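Just so you know, the sequences run in chain order Y and X. Heads up: the first sequence at position 142 corresponds to 878 in the numbering used here, and the numbers run straight through without jumps. Heads up: the second sequence at position 81 corresponds to 84 in the numbering used here, and the numbers run straight through without jumps. Idealized CB from N, CA, C, for every residue including glycine. Here the structure is a predicted model, which is why all the values come from computation and not from measurement. Input: a single structure, listed below in structure tokens.
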Amino acid sequence: MQKGFVAYNNEQKSLEAETEGIKNSQTLIQKAMNWFSARSMFVVAYGTGCGAIEMPPVFTSRYDIERLGVVGVATPRQADIMIVSGYCSLKTLRRVIRTYEQMSEPKYVIALGSCTINGGMYWDSYNTIKKLEEYIGVDMYVAGCMPRPEALIEGFVKLQESIRNNTIQPGYVKYREDYAYYQANQEKLLGKETQPVYEEDYAGMNLS
Amino acid sequence: MFIDLLIMLVMAYGFGFLYYGLYRNISARVHGRFGPSLAQSFYDSIKLFTKDTSTDFGWMFFAGPIIMASGAILTVLFIPYFNHGERLVGLSPYGNLIVVLYFMVLGPLGNALGVGSHGNPFGAMGITRGLTRLLGLEMPFYIAVVGLMIANESADIGTIMANQAETYNIIAHPLLFIAAFISFLGFLGKSPFDVVGAPQEVYSGPAVEFGGKFLALALSQSAIFSFAKLLLMVDLFLGGADSLWDLILKTFVLFVASVFVGNVYGRFTTAQSVDFLLKVPTVIAIVGLLFV
């Protein structure tokens, strides 16, 4: 018992030492940039699954997350954070990847609900993915089926803390550095063409 | 002179974002929320300036926001901040009201050029809505301004301010003020005339493809431009400002009036807003013109 505790303690210390190292390696400008990134978050809410219904209360009068500097935007170009709010079918995944790649860096992803962690209640489904982090960089998981709005707010607060203190390696950095891994996973499911193929334009006219 | 111009710009940026923060706060209270901190708009702006830009649709795409910003900056530099004509008069001795009105439409045109270079249909829809609305906005505003020019026999903003030493134009020409104020609400782009960037309809319209630094530039110019319009209204109808406190008080009163109108009324459609602007304020302005 004692031995295990010491081992755990040492491991915890070494982990903390690592994060301290990251913290101290930041320049003043990086610290300021991180502070502003944490203080102002534009969210593109990718509503998939039942999590989509938990998001409106977070953004409106009841829970009012604008207090924390979090606001919704209409397009991924302007967004810093994407919330993927539940299971992703293969068809949805294409759009999620497309949306993620349209966002400009620094960008973060919050995965909402158990379905994004291990498939949740769709654990044996043939056409939903089980782990979102195999396809895009995920920064924060909010577990639950479904998580309450308070849990999502807690997720935002934790993400803001970790951005401010620079305690995690952001998902977009991992995505950029290990792109071969993510691309292989995407291609395994979706084939070579991971981008959505548009056969009709917005006016409903057939292009082919 | 150069320092004056710099101070004018910094003040316009600061007050523009401060008022935008207040707008968000007051709207939040109307919705029964607490709302963000007053400085939130500054945080947003600075954060966006530190972000990358992931889009590239050729040089005109990037020139669009820069032309918009030039329009906003030139507008604010040609409007005197105070009525005593000593400090912070900017370039106003070199240009009159007609120049200011010209620069005011430079922004939307720059926006149209930038938006036209990317193929996003929502951008094109937004800009079409914006230019259509501009047709409606300009008519009553220009009639009101022409009325003031006739009454003062001058197109110089300084002269119009000086002539208000005894009676403000808001009392001397109330109909012109009402017409100009309704059109000013539209120029601010707040409800009920917020057809351009309606997020639920055209996904932020002209700004749909802009992210990062160019969105920051677009937001900053919008803040500066809003303050320029407040200043212009104060100079034309409220006798300009004697001191900094006077300036803050008068712009703030006008601003709060516009926020409350925006929070009470829902959004017009584009056709409705042009219809309304060409009927109600234009007729009021023409009647006001007869009394000049």
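In chain order, what residues of the region 896 to 908 of chain Y put their CB closer than 9 Å to some CB of chain X?
Correct list: empty, as no residue qualifies.
Classify I819 of chain Y as helix, strand or coil using the three-state DSSP reduction.
Walking along the first sequence from the start, residue 819 of chain Y turns up at place 83. Looking at I819 of chain Y - three-state DSSP - the assignment turns out to be strand.
Looking at C-alpha atoms only, which residue of X:F125, X:D47 and X:V103 is the closest neighbour of S223 of chain X?
Reading the second sequence from its first residue, position 220 is the one you call residue 223 of chain X. Nearest option by C-alpha distance: X:D47.
Please give me, in chain order, every unbroken run of the beta strand (DSSP E) with length at least 3 that falls completely inside the region 851 to 909 of chain Y.
876 to 878, all fully within the region 851 to 909 of chain Y.
Leaving out the 5 sequence neighbours to the left and right, which residues in its chain are closer than 6 Å to V33 of chain X when beta-carbon positions are compared?
The sequence position of residue 33 of chain X within the second sequence is 30, counting from 1. Closer than 6 Å at the Cβ level, and outside the excluded window around V33 of chain X, lie N266.
Please state whether DSSP places I946 of chain Y in a helix, a strand or coil.
Residue 946 of chain Y lies beyond the range of chain Y shown here (737 to 944); nothing can be said about it.
Mapping DSSP to helix, strand and coil, what is A288 of chain X?
Indexing the second sequence from 1 puts residue 288 of chain X at position 285. Three-state DSSP puts A288 of chain X in a helix.
CA-CA distance, T828 of chain Y and F213 of chain X?
Counting from one through the first sequence, the residue named residue 828 of chain Y turns up at place 92. Counting from one through the second sequence, the residue named residue 213 of chain X turns up at place 210. Roughly 24 Å separates the two Cα atoms.
Considering only residues of the same chain and omitting the five flanking positions on each side of N28 of chain X, which have a CB-CB separation below 6 Å?
By 1-based counting over the second sequence, the position of residue 28 of chain X is 25. Excluding sequence neighbours, N28 of chain X sits near G38.
Give a yes or no on whether 7 Å exceeds the smallest Cβ distance from E802 of chain Y to chain X.
As a working mapping, residue 802 of chain Y is identified with position 66 in the first sequence. E802 of chain Y counts as touching chain X.
Helix, strand or coil: which one does DSSP assign to F180 of chain X?
Here the question's residue 180 of chain X lines up with position 177 in the second sequence. Here F180 of chain X sits in helix by DSSP.
Of all the residues that make up the region 817 to 849 of chain Y, which are near chain A by a beta-carbon distance shorter than 8 Å?
Absent from the structure: chain A. Protein chains present are Y and X.
Which whole-angstrom value is the C-beta distance of T852 of chain Y and Y877 of chain Y, which I expect to be below 8 Å?
Position 116 of the first sequence holds residue 852 of chain Y. Position 141 of the first sequence holds residue 877 of chain Y. Confirmed, Cβ separation roughly 7 Å.
CA-CA distance, A810 of chain Y and A219 of chain X?
Here the question's residue 810 of chain Y lines up with position 74 in the first sequence. Here the question's residue 219 of chain X lines up with position 216 in the second sequence. Approximately 16 Å, taken between the alpha carbons.
What do you get for C881 of chain Y, buried or exposed, if any count of 16 or more other CB atoms within 10 angstroms of its CB means buried?
On the first sequence, position 145 is the one that residue 881 of chain Y refers to. Counting Cβ neighbours within 10 Å, C881 of chain Y comes out exposed, since fewer than 16 surround it.
Mark G61 of chain X as exposed unless 16 or more other C-beta atoms lie within 10 angstroms of its C-beta, in which case mark it buried.
For the purposes of this step, residue 61 of chain X is identified with residue 58 of the second sequence, where counting begins at 1. By the 10 Å Cβ count, G61 of chain X comes out exposed.
For the region 86 to 96 of chain X against the region 158 to 165 of chain X, are there 3 or more C-beta pairs whose distance is under 8 Å?
Judged by Cβ distances under 8 Å, the region 86 to 96 of chain X makes contact with the region 158 to 165 of chain X, as three or more pairs qualify.
On the premise that S821 of chain Y lies in contact with A788 of chain Y, defined as a C-beta separation below 8 Å, what is that separation, rounded to the nearest angstrom?
Here residue 788 of chain Y refers to the residue found at position 52 of the first sequence. Here residue 821 of chain Y refers to the residue found at position 85 of the first sequence. Indeed they touch by this definition, with Cβ atoms about 5 Å apart.
Quick one: what's got a C-beta closer than 8 Å to R136 of chain X's C-beta in the same chain, skipping five residues either side?
Position 133 of the second sequence, counting from 1, holds the residue named residue 136 of chain X. The residues are G189, F196, V198, V199, T273, S276, V277 and L280.
I want to verify the contact list: residues of chain X whose CB lies under 8 Å from the CB of Q873 of chain Y, in sequence order.
Numbered from 1 along the first sequence, position 137 holds the residue referred to as residue 873 of chain Y. Checking the sequence shown, residue 873 of chain Y turns out to be Gly, not Gln. Residues of chain X passing the Cβ test: none, with the nearest at roughly 15 Å.
Starting from S797 of chain Y, follow its DSSP beta bridges and name the residues at the other end.
Locating residue 797 of chain Y in the first sequence gives position 61, counting from the first residue. Per DSSP, none; premise fails for S797 of chain Y.
Beta-carbon separation of M71 of chain X and L116 of chain X under 7 Å?
On the second sequence, residue 71 of chain X is found 68 positions in, with the first residue counted as 1. On the second sequence, residue 116 of chain X is found 113 positions in, with the first residue counted as 1. It is not a contact, given that the beta carbons lie outside the stated cut-off.
Among X:I251, X:D238, X:V295 and X:A231, which has the Cα closest to the Cα of V108 of chain X?
Counted from its first residue, the second sequence places residue 108 of chain X at position 105. Nearest C-alpha to V108 of chain X: X:A231.
Please state whether DSSP places M152 of chain X in a helix, a strand or coil.
Position 149 of the second sequence, counted from the start, is the residue given in the question as residue 152 of chain X. Helix, per DSSP.
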